[in-house]
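Down below is the structure, laid out as structure tokens.
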Amino acid sequence: MNEKEVESLVEKQGYSNSDIYAELYYQYPIFLNVNEKYKKMKLSSKLVYMLLKDRNRLSLKNSLYDENQKIFLIFEIKNLVEISGMSKNTILSALDELQKVKLLVKRKNGFNKSKMQMFPNFYYLLKPVLCKDDVYKINKITHQENSQKNLIVQNLNYGTNQYSVDSSTFELCDTSMKTRDKNNFADSSKNELELYKSYKDSKDIKESHNDDLLESLSTKNNKLDEELIETFIEENLLKQIWGESIVNCLKLASNSDYRQFDNWYKKFNYAIKSAEKEQKVQLKIIYEICNNSYFVDHVREQLAMTLRDLIRRAKTDHRIKQKNNYIFTSLKNKALELIKLQKKEGI
1 MNEKEVESLV EKQGYSNSDI YAELYYQYPI FLNVNEKYKK MKLSSKLVYM
51 LLKDRNRLSL KNSLYDENQK IFLIFEIKNL VEISGMSKNT ILSALDELQK
101 VKLLVKRKNG FNKSKMQMFP NFYYLLKPVL CKDDVYKINK ITHQENSQKN
151 LIVQNLNYGT NQYSVDSSTF ELCDTSMKTR DKNNFADSSK NELELYKSYK
201 DSKDIKESHN DDLLESLSTK NNKLDEELIE TFIEENLLKQ IWGESIVNCL
251 KLASNSDYRQ FDNWYKKFNY AIKSAEKEQK VQLKIIYEIC NNSYFVDHVR
301 EQLAMTLRDL IRRAKTDHRI KQKNNYIFTS LKNKALELIK LQKKEGI
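For the sequence shown, counting from 1, position 62 maps to 62 in full-length UniProt numbering; every step adds exactly one.
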């Protein structure tokens, strides 16, 4: 490859100092390469653990925890196959190995008689068992990488005013290395979707950058917005958590506009969480954590009815001056009412 070709490739595909924020990363825990037991695991098992660690954060975000406040995962094998690029047999083998070394445990939930189908299994990601020597090695690696990071920053700033490097832009996780997400979208529309998802998931992006990105995406066609909405629903397990009726109400309110969908979901979710915090009780709206499926159906239907009424009022009732406050208060009151019923019935 000649110099001209190199320059052309760098110009077209080289990373700039801001591109690092427009990527989605998984975190690879260092202990997997330090502890003697975990070091012997297959690479595929280590990568699956890394993927599940990412899903664990999503479960925490969506309050997927049991009666003992332990976070659980709900996933389908085909989703792990799609995300990882590995075969189904490789994924199953990895899950089996993770259970053997006690980094993962599965709880079967039996049969749902009202739905005539099996409840999904709960997977619990487990903390590693480390000795003092393991911790020492991890700290040593972390210290070395921190020193290397600082050296890079010093070298970039040394003897020139051409570069302005902020050391805070070099992120280092205490016990993890980072590896890129393998998922890529083929067409331009899906590439924009991946870019948005990456921005959304990056903790280092300022809120204003997200707003700018949302603003630019809102000018695209409805097809892209619908893709964004469906991706958000799938990745955040909205149908499993809230049910089909509530999700359909949120989609109706959005009018196929992602930004509107995001706004309505945030209002809805915040109101429910506020009621739960006030009562210090989790509203049992998920079949897998409630022993009464009829109550779950009742809760979902009541919230869906309230949402439908609020959507109609927000669009037609011009007497409501502060619509956001009205929506929040109405949803919270309904959630409080349902939580009180839950307590009364001993559910």
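C-beta: ideal position from N, C-alpha, C; glycine also.
Check	Outcome
Residue range of the beta strand (DSSP E) that includes phenylalanine 122	122 to 125
Supposed contact pair tyrosine 49 and leucine 98 - C-beta distance, whole angstroms, cut 8 Å	6 Å
Neighbour-count burial assignment, cysteine 131, 16 or more Cβ in a 10 Å radius	exposed
DSSP-derived helix/strand/coil call for leucine 64	coil
Cβ-based burial, valine 296 [other Cβ within 10 Å; buried from 16]	buried
Inter-residue Cα distance where the pair is glutamate 226 and glutamate 36	47 Å
C-beta atoms of serine 44 and methionine 86 nearer than 8 Å	yes
Beta-carbon gap between leucine 51 and serine 93 smaller than 8 Å	no
Distance, aspartate 96 Cα to glutamine 302 Cα	41 Å
Cut-off 7 Å between Cβ atoms - residues of its own chain near serine 330, not counting five sequence neighbours on either side	Thr306, Leu310
Rounded straight-line distance, which links the Cα of tyrosine 326 to that of alanine 275	15 Å
Pairwise C-alpha distance: aspartate 262 and leucine 237	14 Å
Through-space distance from lysine 343 to glutamate 67, alpha-carbon basis	15 Å
C-alpha distance - lysine 334 paired with leucine 64, whole-angstrom precision	21 Å
Cβ neighbours of alanine 271 in the same chain (closer than 7 Å, five flanking residues each side left out)	Phe328, Leu331, Lys332, Ala335
Within 8 Å, strictly: CB atoms of lysine 46 and leucine 32	yes
Exposure of asparagine 269, with buried meaning 16 or more beta-carbon neighbours within 10 Å	buried
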